[in-house]
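With the numbering used here as the guide, the letters of the sequence shown map in order to residues 992 to 1285. Note that beta-carbon positions come from the ideal geometry of N, C-alpha and C, so glycine has one too. Structure record follows, encoded as structure tokens.
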Amino acid sequence: MPGFEAAFGGWPVPALATTYEGGDPALLERLVQLVDLLEIAPDTIVGSERGQYILRPEVLDEYASVSSRVGLIAHGIGLSIGSFDQWNHDYLRLLDELFARFDLQWHSEHLACTVVAGESLGTMLSMPRTQEALDLVSRRVELLQKLYPVPFLLEHVIQLLPDAPAEFTPAGFLNAITSRTGCGLVLDVYNLECDAHNQGLHIPAFLDELNLAAVVEMHLAGGVQYEGFQLDIHSSITRESTVTLACEIVRRAPNLRAVTFEYLKEAVGLLGHDAICGELQRLRQSVLRQAVLQ
């Protein structure tokens, strides 16, 4: 499996992407006129048939109806690639189904645990930054690279708990994974701001240490504060501070291939179609324009 740099040789300026979870054809039609890629989160379009999880056929049909007009990428939530005992094999079956139906540009997953000792956490916990954890996740990344014939990316998640003793810095851990496996990164700009607010992450030092050549995709979103804690709940448009930071990263990440605006399906009614589409137009002009100007 070639590394992400070989796979994306000759790719033009970064694409604009966004989330779509089905069931809103009016929104879908507007989105495909504004973006280059649609992000599919397999976990969010699941149904059941004869006691087994499947991707809902009606949502797959929606993606198929626009697949000649936009590219498709997959972004998982529940693989639990960092669980000490095993990851989520049900998610892999969903991914098998998705790859059987569509030609995906790449797929990605969160560098996190969503299940511990068989119990669902209902959230994502960041992995311990140890040599043992590096060995575990690297083996699983390499297996994914053998299973699916497109590049694989990992996304860092916000740190919900106080930092544990670590053998790597946050950026150093990501560098070690990408160096060892050849996978790429999804850099979530809002997650960096959450960690800065909640845990005191020094973003300039993080970006100086991170191998930005490994960043293939960048996520932008807006969230909420709860009792002073900044949460990465994708329920609002992007803050100006996030856009400013994203523009800096675009200028420094030579292999960036997509900028993705993410929002939860539950937030569509709150935001409205006009605000979502307006945000996409704003990000194309403000963030993607940085790549054109270089």
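- Task: Thinking H1098 and V1141 are a contact (beta carbons under 8 Å), I'd like their distance in whole angstroms, please.
- Result: Contact between H1098 and V1141 holds, with the beta-carbon distance rounding to 6 Å and staying under 8 Å.
- Task: Compare the Cα-Cα distances from L1095 to each of E1133, F1143 and L1125 and report the closest residue.
- Result: F1143
- Of the listed residues M1115, Y1082, D1076 and V1128, nearest to G1109 (C-alpha basis): D1076
- Message: Looking at the secondary structure, which residues open and close the alpha helix (DSSP H) in which C1238 lies?
- Response: In the DSSP annotation of this structure, the continuous segment of the alpha helix (DSSP H) that includes C1238 starts and ends at E1231 to R1243.
- For R1242 versus V1207, is the C-beta distance shorter than 8 Å? no
- Item | Between the CA atoms of E1088 and Q1043 - distance to the nearest angstrom | 13 Å
- Considering only C-alpha positions, which residue in the set Y1254, V1148 and R1275 is nearest to G1013? Y1254
- Query: Residue range of the alpha helix (DSSP H) that G1269 falls in?
  - Reply: Counting along the chain, the unbroken alpha helix (DSSP H) around G1269 starts and ends at H1264 to L1274.
- Query: Name the DSSP beta bridge partners of Y1181, please?
  - Reply: Y1181 pairs with nothing; no bridge assigned.
- Quick one: residues in its chain with C-beta nearer than 8 Å to the C-beta of A1017, no 5 flanking neighbours on either side, listed in chain order? Excluding residues up to 5 positions away in sequence, H1264 lie with their Cβ nearer than 8 Å to the Cβ of A1017 in the same chain.
- Simplified DSSP assignment, three categories, for D1015: coil
- Task: Starting from S1227, trace the beta strand (DSSP E) both ways and give me its first and last residue.
- Result: F1220 to S1227
- Ignore the nearest five residues each way along the sequence and tell me which others in I1240's own chain have a CB closer than 8 Å to its CB. L1178, V1180, L1198, L1203, V1206, M1209 and L1247
- Return the CA-CA distance between G934 and T1121, expressed in angstroms with no decimal places. Here the chain covers residues 992 to 1285 and nothing more, so residue 934 does not appear.
- Item | Within 8 Å, strictly: CB atoms of T1009 and L1271 | yes
- Proximity to E1100 [Cα-Cα], best of H1066, S1117 and R1131: H1066
- Express the C-alpha separation of N1079 and S1071 in angstroms, rounding to a whole number. 6 Å
- When you compare each of Q1190, H1147 and G1062 to T1169 by their alpha carbons, which one comes out closest? H1147
- Along the chain, where does the beta strand (DSSP E) that runs through F1252 open and close? A1249 to F1252
- Task: Could you spell out the range, first to last residue, of the alpha helix (DSSP H) harbouring V1132?
- Result: Q1122 to L1138
- May I ask which residues mark the beginning and end of the beta strand (DSSP E) holding E1257? Where E1257 is concerned, there is no enclosing beta strand (DSSP E), given that its DSSP letter is neither H nor E.
- Message: Going by the DSSP bridge assignment, what does E1100 pair with across the sheet?
- Response: Answer by DSSP bridge pairing, in chain order: L1145.
- Item | Exposure label - P993; buried when at least 16 CB within 10 Å | Low per-residue confidence applies at P993: pLDDT is 39, beneath 50, and the placement is therefore not dependable, though the value from the model is reported in the following sentence. So P993 ends up on the exposed side.
- Query: Looking at the structure shown, is A1155 part of a helix, part of a strand, or coil, going by DSSP?
  - Reply: coil
- Task: Classify Q1221 as buried or exposed, calling it buried when 16 or more other Cβ atoms lie within 10 Å of its own Cβ.
- Result: buried
- Closer than 6 Å by C-beta to I1228: which residues in its own chain qualify, once you throw out the five before and the five after it? Chain order, please. Taking I1228 as the centre and dropping the five residues before and after it, the same chain places the C-beta of G1213 and E1270 closer than 6 Å to its C-beta, in chain order.
- Decide if V1061 is buried, meaning its Cβ has at least 16 other Cβ atoms within 10 Å, or exposed. buried
- Task: Give the DSSP-derived three-state secondary structure of L1211 in the structure shown.
- Result: Note: L1211 maps to strand in three-state DSSP.
- Roughly how many whole angstroms lie between the Cα atoms of D1015 and Q1281? Here the alpha carbons of Q1281 and D1015 stand approximately 32 Å from one another.
- Is Q1024 helix, strand or coil by DSSP? coil
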